[in-house]
Amino acid sequence: MSKLPIKNELGFFEIRLESIGGLGAHLAGKMLAEAGVLGLGLNGAHFSSYGSEKKGSPVKSFIRLGEREIRASNPVERPHVVGVFHEALFKTIDVANGLYPDSVMLVNTTKSPEEIKEKLNIQSGTIAVIDALNISVEERTRVNTAMLGALYRIAEFLDPEARKNVIRATFEEKYPHLVEANIRTFDRGYNEVVFKTFEAEDGMVTDFVRAKSSLGYETQPIGGVITNPGNSILKDLSASRQGFLPSYDKDKCINCAACDTACPDLCFVWKEEIDKKGRPQMVLQGIDYQYCKGCMKCVVVCPTDALSKTRETDGYADENRVPHNFVLASN
Ligand code: SF4
Ligand code: SF4
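Taking our numbering, the leading residue of the sequence shown gets 1453, the next gets one more, and so forth.
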């Protein structure tokens, strides 16, 4: 009997993880492949693709398991399971691309499966949600361990007890104080994940069509042309934030500009106003969250607690953003 619940036409079970640098998706992918190879005696392959190795840049991690030799080394285009480690990726990446009608999509989110279905316009399949960020904050661990717990629940053929032993062995020698917190995080991911399966309405399932590259030999730009310049309109660092952003309380601010000096991305928006003595003074209006990567350097230097580290909720940044062109527009 096959150890794999489902296989593609080549005989492989395939998983794709969509993440950003710093959330540990590469390590989670490695652990999943290891679980199939060392735990179940399957053949397995794992690799990740990422650009510059820095926190916040998009990362994809691919896991392929099979009972026959694996010679394929191409990215997973048609995953049986997709794990989305950061919801903000929805803005820039088609995370649902290539899903089968009965694939499972796991998302690190506070939203319900119905809300995710609507947001991504998914026609059918199972949507699983887990608030991995909250678990990792409460347990003082990392998002990837909670996501791994949820992924084990989805890929039921993997043995969660074996994984817990590996977590134990990994941390026991160097960081023994982290063992129990990580086991708890894994268990919470496993137990708290919520699933909902949706049936496709008649005629709503479409065949997979591989996206064509928009740049071919006839359409590619001349060498040296930068098509996506780092200008202030296109640059958007919101997907780099890992669940937290600085919130601003104007009443506590003394306009000392320490935050502006510390911020690497010029997020602070100022405007000249007249103070109580009738003198002109630069007054901080707020933060342009489009450029904020959530590094919290500003929070550390603020002397009055006017800035505080806040869990980012859906829509907060858009509602509270003070865009740089606000000053120009209001003058
Ligand atoms: S560091 Fe704090 S008090 Fe100073 S300008 Fe920035 S927000 Fe205001
Ligand atoms: S967290 Fe603060 S310092 Fe860091 S990018 Fe955002 S506004 Fe700038």
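Beta carbons are placed, not taken as given, at the ideal position from N, Cα and C, and that holds for glycine.
Go through the region 1709-1741 residue by residue and report every complete run of the beta strand (DSSP E) that reaches 3 residues or more, in order.
Correct list: 1720-1726, 1732-1739.
Tell me whether L1517 sits in a helix, a strand or coil according to DSSP, three-state version.
strand
Distance, A1598 Cα to R1530 Cα
A1598 has its alpha-carbon roughly 24 Å from the corresponding atom of R1530.
Restricting to Cα atoms, I'd like to know which of K1543, T1622, E1470, G1738 is closest to V1536.
E1470
Are K1489 and Y1502 touching if we call contact CB-CB under 8 Å?
Checking the sequence shown, residue 1489 turns out to be Val, not Lys. Not closer than 8 Å, so no.
Opening and closing residue of the alpha helix (DSSP H) in which I1568 lies:
Start and end: 1565-1572.
May I ask you to list the residues that DSSP assigns as paired with R1468?
F1514, V1534
Measuring from the CB of D1770, is there a heavy atom of ligand 2 at a distance below 7 Å?
no
Is the CB-CB distance between F1647 and I1619 below 8 Å?
no
Exposed or buried, what is A1709 when buried is set at 16 or more other beta-carbons lying within 10 Å of its beta-carbon?
A1709 comes out exposed.
Just list the residues that DSSP pairs V1556 with in beta bridges.
V1533, T1578
Helix, strand or coil at R1763 according to DSSP, with G and I counted as helix:
Reduced to three states, the DSSP call for R1763 is strand.
Look at the alpha carbon of I1458 and the alpha carbon of S1665, and state the distance between them as a whole number of angstroms.
30 Å
At which residues does the beta strand (DSSP E) containing K1648 begin and terminate?
Here the beta strand (DSSP E) through K1648 covers 1646-1650.
Mind the definition here: the region 1736-1750 touches the region 1710-1727 only if three or more C-beta pairs lie below 8 Å; say whether that holds.
Yes, since at least three Cβ pairs between the region 1736-1750 and the region 1710-1727 fall closer than 8 Å, the two stretches touch.
Closer than 7 Å: M1599 CB and nearest ligand 2 heavy atom:
no
Who are the near neighbours of C1750 in its chain, counting only those whose CB is closer than 7 Å to its CB and skipping five residues on each side?
Excluding positions up to five away in sequence, the list reads P1698, C1711, A1714, C1715, L1759.
Ignore the nearest five residues each way along the sequence and tell me which others in L1479's own chain have a CB closer than 7 Å to its CB.
N1596
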